[in-house]
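A.B. asks: Protein chains in written order, with my numbering: chain A, 1 to 349; chain Y, 1001 to 1349. A virtual CB, placed ideally from N, CA and C, is assigned to each residue, including glycine. Bear in mind that the values here come from a model prediction, so they are computed numbers and not experimental data. Below is one structure. I have some questions about it.
Number of protein chains: 2
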Amino acid sequence: MVTLAEVAQHAGVSASTVSYVLSGKRSISATTRQRVEESIRKLGYHPNAGARALASSRSNIIALMIPLRTDMYVPVMMEIAIAVAAGARTHGYDILLLTDEEGPDAVRRVTGSGLADAMILMDVELDDERLPLLREGGSPGRARSGVADDQPSVLIGLPADTTGLTCVDLDFRATGALCVEHLAELGHRDIAVIGEAPAVYERHTGFAERTLDGLRTRARELKLRLLHRPCEGGYDAMAATLARIFDERPDTTGFVVQNESAIEPLLALLRQQGRAVPEDVSVVAICPEQVATQASVRLTSVALPAQEMGRHAVEQLVAKLGGRGSDEVVLLAPELTVRASTGPAPVRP
Amino acid sequence: MVTLAEVAQHAGVSASTVSYVLSGKRSISATTRQRVEESIRKLGYHPNAGARALASSRSNIIALMIPLRTDMYVPVMMEIAIAVAAGARTHGYDILLLTDEEGPDAVRRVTGSGLADAMILMDVELDDERLPLLREGGSPGRARSGVADDQPSVLIGLPADTTGLTCVDLDFRATGALCVEHLAELGHRDIAVIGEAPAVYERHTGFAERTLDGLRTRARELKLRLLHRPCEGGYDAMAATLARIFDERPDTTGFVVQNESAIEPLLALLRQQGRAVPEDVSVVAICPEQVATQASVRLTSVALPAQEMGRHAVEQLVAKLGGRGSDEVVLLAPELTVRASTGPAPVRP
DNA sequence: GTGAAAGCGCTAACAT
DNA sequence: ATGTTAGCGCTTTCAC
């Protein structure tokens, strides 16, 4: 292994000079810099990460905690993770991948060991047990040397109480409102919402409730009738749910779907029942772009901006690490793309 | 931050004793051990990762390179990544998440900096440019101090030339054979294969070709007629492909699908055409379990054993790191699960 | 603009 | 069974 000292010797300068050439933290004469860079290349030198971390007490690593559960929105999670990794690299950071298997202990371990300089948490629950460890100001009763040893962190998702936390998420309330508005403009008066599986609501992940809130509020304002039904994924569950919906509200002409695994079954069932999309019924989906464009009907949808969320999270974190403050909560504005699944409501006799 | 020295002082022992209590590398009297452990808990001590890495020249980190492309098998990738992360933790390793954006440079950077002790590469291409850096024996022409400074590594996926490499993958050849056998047993004589998008074949990722090889070989042995058609995802592409298939081979009664985004369209189209599954045609899918069980027809399928692959990769790597040799190539045996999409071939007039 | 030198917190000989 | 000590490779004062 090539060390900094070897580079220094080879270039005929001191170790500190090499270090400063690398960090740019003090001015170096052009000739010296060139000699050093030359030696670095020739010897194939790579600074040792451990030594760096020890001497500088910064690891240049950001920890990313992803959910173990692989039952929901997996492609979105993956896309976020990849965006985070790529974004982090542009700022010189690497990503340490943590699952939430260890729970809060992982936070302590990483914080305590200095393995990472900061962390990003995905899939935060409303009352997440990891949050107390991350709130700025630290745990109550901790009043050590005055040094704030909290881990700078950014959450992807919105917990119930965001005080002292930085969060990035899609504005699901606005998303719900947007879907309702679109259908209202097309003349639909009876709207059914196919929601996530009941388990998702019970898990209190927040986004489902916020979407529903946005849907309901806007529906009330626009005087639309809204029926919400959670739904397990799959064909059979969707069939049962759909039957109930048309039973209770036979005049339903608009659907909002927030459940990836209900989308294709819904479309198939509507086809089977002879209800044409979008002539008889309109469907708006809240889902990844890819799902919307690859469905059997190209879906009007609000996309989950995975890349953007990942990028934002990194930007926020880097800002924090650089001492610059950052916003508490960033809610990304939803964008609705009109495709082939929505059209004017059919005229009623 | 609490240091080892502070723990030592608090427990009234020397630094090395604390270190050895932690590592278990030499015997410690019960009383001393207890005092030390007590102090560790009381002070909330966490060993500093950087210092550890520097002193021991082992980071206890495994790098995992995942593909940037998020167009294929994303849930599988994610599941593997999570399995790798979880598996690594049980051996005391953390996972560093690398994308293949940097290409081979990422390998050099991680190897050179000692950031990771080893690496796992996913989605390896047949002639991957990162492979030369990973082959045991190192790059030709490198004859330094006799120390093998290669990064121990495991590939998930199979390149063209596996010499000097450790690989884990599903046995796709056997998978293809298994699908054909199943259909043959049910009496199907004309089989159509819906393959991945042409781009996948062109990218030379290997698994698609190996599956096809297994399909063809076994079909020939069993004297079945086999028609293979690559297919872009989505409804329209599938419709065109299906039309061509029935045009060329009207007697086709068996389908093998190796393309997630073609599955649901295929089922919908068959329904539309009045071909009942499994009464008129049978469908075998090569896809994740979840897709098979959530499709509009519960699919007979060969699963992609994501978790198993992740776990295996870690085991192999840990074996290597522990100095124990490991197998060159581990091919996991495919398992076919019979569900509702396959049945006896219809009797021909 | 450059060098010298003191650690950073830990591990692993080498002692006893 | 425990203590002493010399680094690991780098960053960063302090000195010129």
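Assign D117 of chain A to one of two classes, buried (16 or more other C-beta atoms within 10 Å of its C-beta) or exposed (fewer than that).
C.D. replies: With 16 or more other Cβ atoms within 10 Å, it is buried.
A.B. asks: Could you tell me whether any Cβ in chain A is nearer than 8 Å to the Cβ of H1046 of chain Y?
C.D. replies: At least one chain A Cβ lies under 8 Å of H1046 of chain Y.
A.B. asks: Evaluate T90 of chain A with the Cβ neighbour count: other Cβ atoms within 10 Å of its Cβ, from every protein chain shown; 16 or more gives buried, anything less gives exposed.
C.D. replies: Counting Cβ neighbours within 10 Å, T90 of chain A comes out exposed, since fewer than 16 surround it.
A.B. asks: State the DSSP-derived secondary structure class of A192 of chain A, mapped to helix, strand or coil.
C.D. replies: Strand, per DSSP.
A.B. asks: Below 8 Å, how does it come out for the stretch 1148–1163 of chain Y and the stretch 1190–1197 of chain Y: are there three or more Cβ pairs, yes or no?
C.D. replies: No contact exists between the stretch 1148–1163 of chain Y and the stretch 1190–1197 of chain Y.
A.B. asks: I need the straight-line Cα distance from T1342 of chain Y to T1293 of chain Y, nearest angstrom please.
C.D. replies: Going from the Cα of T1342 of chain Y to the Cα of T1293 of chain Y covers about 14 Å.
A.B. asks: Looking at chain A, is there any beta carbon in it that lies within less than 8 Å of the beta carbon of V1074 of chain Y?
C.D. replies: Judged by the 8 Å Cβ criterion, V1074 of chain Y is in contact with chain A.
A.B. asks: Quick check: what's the CA-CA separation for L54 of chain A versus G1050 of chain Y?
C.D. replies: Each residue's Cα considered, the two are about 5 Å apart.
A.B. asks: Can you tell me whether DSSP reads G138 of chain A as helix, strand or coil?
C.D. replies: Confidence in G138 of chain A is poor, its pLDDT being 48 and thus under 50, which makes the residue's placement too unreliable to answer from.
A.B. asks: Can you give the Cα-Cα distance for A86 of chain A and R1069 of chain Y, rounded to whole angstroms?
C.D. replies: Approximately 12 Å between the Cα atoms of the pair.
A.B. asks: Give me the DSSP bridge partner(s) of A160 of chain A.
C.D. replies: A160 of chain A is not bridged to any residue.
A.B. asks: CB I263 of chain A to CB R225 of chain A, shorter than 8 Å?
C.D. replies: No, Cβ-Cβ distance for I263 of chain A and R225 of chain A is not below 8 Å.
A.B. asks: Between A:R339, A:G310, A:E279, which has its C-alpha nearest T252 of chain A's C-alpha?
C.D. replies: If we check each option's Cα against that of T252 of chain A, A:E279 comes out closest.
A.B. asks: Indicate whether at least one CB of chain A lies closer than 8 Å to the CB of T1099 of chain Y.
C.D. replies: Chain A, which has a Cβ nearer than 8 Å to the Cβ of T1099 of chain Y, makes this yes.
A.B. asks: Using a Cβ cut-off of 8 Å (strictly closer), state whether I120 of chain A contacts chain Y.
C.D. replies: Closer than 8 Å: no.
A.B. asks: Have a look at A303 of chain A and E328 of chain A and give me their C-alpha separation to the nearest angstrom.
C.D. replies: Computed Cα separation, rounded: 23 Å.
A.B. asks: From Y:Q1258, Y:V1256, Y:V1297, pick the residue whose C-alpha is nearest to that of A1276 of chain Y; which is it?
C.D. replies: A1276 of chain Y has its Cα closest to that of Y:V1297, out of Y:Q1258, Y:V1256, Y:V1297.
A.B. asks: Within 10 angstroms of its Cβ, does V147 of chain A collect 16 or more other Cβ (buried), or is it exposed?
C.D. replies: Any reading at V147 of chain A must be qualified, since the residue scores a pLDDT of 39, below 50, and its modelled position is unreliable; the value itself is stated next. That one is exposed.
A.B. asks: Let me check understanding here. Comparing Cα to Cα, which of A:R311, A:S261, A:G12, A:L115 lies closest to S366 of chain A?
C.D. replies: Nothing about residue 366 of chain A can be read from this structure; chain A reaches only from 1 to 349.
A.B. asks: For L1115 of chain Y, return the contacting residues in chain A, with the cut-off set at a CB-CB distance below 8 Å.
C.D. replies: The contacting residues are A49, D94.
A.B. asks: Mapping DSSP to helix, strand and coil, what is D1094 of chain Y?
C.D. replies: D1094 of chain Y falls in the strand class under three-state DSSP.
A.B. asks: Just checking: is the beta-carbon of P1334 of chain Y within a distance shorter than 8 Å of some beta-carbon in chain A?
C.D. replies: No, its Cβ sits nowhere closer than 8 Å to a Cβ of chain A.
A.B. asks: Have a look at the DSSP bridge pairing and note the partners of A1285 of chain Y.
C.D. replies: DSSP lists Y:V1257, Y:S1301 as partners of A1285 of chain Y.
A.B. asks: Could you check where the beta strand (DSSP E) with L1227 of chain Y kicks off and where it finishes?
C.D. replies: From DSSP, the beta strand (DSSP E) with L1227 of chain Y extends over 1225–1229.
A.B. asks: Mind checking who T1337 of chain Y pairs with in its DSSP beta bridge?
C.D. replies: Its beta-bridge partners are Y:S1301.
A.B. asks: Assuming A174 of chain A is part of the beta strand (DSSP E), what are its boundary residues?
C.D. replies: Note, A174 of chain A: premise wrong, no beta strand (DSSP E); alpha helix (DSSP H) at 172–185.
A.B. asks: Can you name, in chain order, every residue of its own chain whose Cβ lies under 7 Å from the Cβ of S19 of chain A, other than the five neighbours on each side?
C.D. replies: Excluding positions up to five away in sequence, the list reads L4.
A.B. asks: Between V1084 of chain Y and L1064 of chain Y, which are expected to be in contact by the criterion C-beta below 8 Å, what is the C-beta distance as a whole number of angstroms?
C.D. replies: Yes, they are in contact, since the Cβ atoms of V1084 of chain Y and L1064 of chain Y sit about 6 Å apart, within 8 Å.
A.B. asks: Per DSSP, L155 of chain A is paired with what?
C.D. replies: BP columns for L155 of chain A point to A:L121, A:C167.
A.B. asks: Can we say the stretch 29–38 of chain A touches the stretch 1022–1030 of chain Y, given the rule of at least three CB pairs closer than 8 Å?
C.D. replies: No, the stretch 29–38 of chain A does not touch the stretch 1022–1030 of chain Y.
A.B. asks: Would you mind working out which of A:D123, A:R189, A:G176 sits nearest M78 of chain A, comparing C-alpha positions?
C.D. replies: For the residues A:D123, A:R189, A:G176, the minimum Cα distance to M78 of chain A belongs to A:D123.
A.B. asks: Report buried or exposed for E1335 of chain Y, applying the criterion of at least 16 other Cβ atoms within 10 angstroms of its Cβ.
C.D. replies: By the 10 Å Cβ count, E1335 of chain Y comes out exposed.
A.B. asks: When the Cβ atoms of the stretch 1201–1214 of chain Y are set against those of the stretch 1167–1183 of chain Y, are three or more pairs found closer than 8 Å?
C.D. replies: Touching, yes, given that three or more Cβ pairs across the two stretches are closer than 8 Å.
A.B. asks: Starting from the C-beta of V2 of chain A, find all residues in its chain whose C-beta is less than 8 Å away, skip the five residues before and the five after it, and write them out in chain order.
C.D. replies: Correct list, in chain order: L43, G44, Y45, H46.
A.B. asks: Counting only the same chain and skipping the five closest in sequence on each side, list residues whose C-beta sits under 8 Å from that of V281 of chain A.
C.D. replies: Closer than 8 Å at Cβ, skipping near neighbours: T252, T253, G254, F255, L270, R275.
A.B. asks: Report the option in A:E125, A:S261, A:G187 whose CA atom is closest to the CA atom of M238 of chain A.
C.D. replies: Checking every option, the nearest Cα to that of M238 of chain A belongs to A:S261.
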